[in-house]
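A.B. asks: Just passing along the structure, written as structure tokens.
Residue numbers (this note's numbering): 176 to 426.
Here it is, written out as structure tokens:
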């Protein structure tokens, strides 16, 4: 092809392409030397009938993330956001297939869900498909109002802890997970004990969180009160001997 056109001068890319196309067509139409037919004839009779249309969706390079756990609320977390999965798969481990625009949830060879990726600037947002929810929509996403309502049901100190968590973050949604971590302590230790621990935590930390309250509950300080304060104020324990014991009354 290059040899046949080497002496020709082209003034535009379009004329070059046209000349190459004509040479290729002539080359494909030329008969074979050792068998009947031509390359164009073989393509028309043998290869062309087997061709299919290109996929309607363009191919996208993807990345796989293995072993992500579906939360009890039927969502899987990726990049600080949450994407729904059919609720019957809650608690299972799934794989994520990520492209520049989509997130797919897979279990073995089955695709469970497909979502448009939320914006990279989004934090703690939910992409929820109605079909993934249990019948009657029994589940609904957590929001600051729902979190505060739970805290208020436990007690005033707990509500204060949660309010300070929300006040410490630039976006309210960023406080949902830390607040829920605190509130879920009531399921393990009871609401009464969490309220007592919250009072102790507020006395020592401006904005107590799970890391402050869980040790109080684990060690039982909430049941006995904060003994550290009492011991600091009243160090007078043990035996105290008067001056007479050391002969001080003889001086």
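Virtual Cβ for every residue (Gly too), placed ideally from N, Cα, C.
Just reading off the beta strand (DSSP E) that residue 238 is part of, what are its end residues?
C.D. replies: Unbroken beta strand (DSSP E) run through residue 238: 238-244.
A.B. asks: The beta strand (DSSP E) that contains residue 250, what's its start and end?
C.D. replies: Residue 250 -> beta strand (DSSP E) spans 250-253.
A.B. asks: Please go through the same chain and pick out, in chain order, the residues whose beta-carbon is closer than 8 Å to the beta-carbon of residue 307, but skip the five residues on each side of it.
C.D. replies: Excluding sequence neighbours, residue 307 sits near 249, 259, 260, 261, 262, 288.
A.B. asks: Give me the Cβ distance between residue 192 and residue 176, rounded to the nearest whole Å; I'm assuming they're in contact under 8 Å.
C.D. replies: That belief does not hold up - the Cβ atoms of residue 192 and residue 176 are roughly 12 Å apart, past 8 Å.
A.B. asks: According to DSSP, what are the bridge partners of residue 213?
C.D. replies: For residue 213, which the question treats as bridged, DSSP gives the partners 206.
A.B. asks: Does DSSP classify residue 188 as helix, strand or coil?
C.D. replies: Reduced to three states, the DSSP call for residue 188 is helix.
A.B. asks: By a C-beta neighbour count over all protein chains shown, 10 Å radius and 16 as the cutoff for buried, is residue 370 buried or exposed?
C.D. replies: By the neighbour-count rule (16 or more Cβ atoms within 10 Å), residue 370 is buried.
A.B. asks: Run through the DSSP bridge pairs and tell me what residue 286 is partnered with.
C.D. replies: DSSP output for residue 286 lists 281 as bridge partner(s).
A.B. asks: So what does DSSP say about residue 427, is it helix, strand or coil?
C.D. replies: Residue 427 lies beyond the residue range present for the chain, which begins at 176 and ends at 426; the question has no answer from this structure.
A.B. asks: Between which two residues does the beta strand (DSSP E) containing residue 259 stretch?
C.D. replies: Run containing residue 259: 256-259, per the beta strand (DSSP E) assignment.
A.B. asks: Less than 7 Å between the C-beta atoms of residue 256 and residue 300, yes or no?
C.D. replies: Taking 7 Å as the Cβ cut-off, residue 256 and residue 300 qualify as a contacting pair.
A.B. asks: Quick one, are the C-beta atoms of residue 244 and residue 268 less than 7 Å apart?
C.D. replies: In contact: residue 244 and residue 268 (Cβ atoms closer than 7 Å).
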